[in-house]
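Residue numbers (the working numbering): 1 to 115.
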């Protein structure tokens, strides 16, 4: 499943995993969200509905470009820097390049649509 993330004047392309949580995320599109800074490594936003994580690994070690769901808080997390193993984190997909726009300080508005 291909999606696009539109931030300011930039459009980022991403591919979602073939998984139940990724399909549930895809079903919520299109979405307009405010991405907030978190831990100087990611941008986070609340989703309209939680995603099912049954059968998913207990956690992952995210890399820059990963689009993830943090099950304990029910939020989307998009990593612009790598991070350590995080229990409760589920990979939904990955952005192909252009992460500089996500590194801007402060909140960003993003429009996420199917591509």
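All residues carry an ideal CB built from backbone N, CA and C; glycine is no exception.
Here residue 70 is buried: its Cβ has 16 or more other Cβ atoms, across all protein chains shown, within 10 Å. A residue is called buried once 16 or more other Cβ atoms fall within 10 Å of its Cβ, and residue 43 is buried on that count. A contact is defined here as three or more CB-CB pairs under 8 Å, and the segment 22-36 fails this definition with respect to the segment 54-62. Using a Cβ distance threshold of 9 Å, residue 64 and residue 82 count as a contacting pair. Taking a contact as a CB-CB distance under 8 Å, the pair residue 96 and residue 14 counts as one, their CB atoms being some 7 Å apart.
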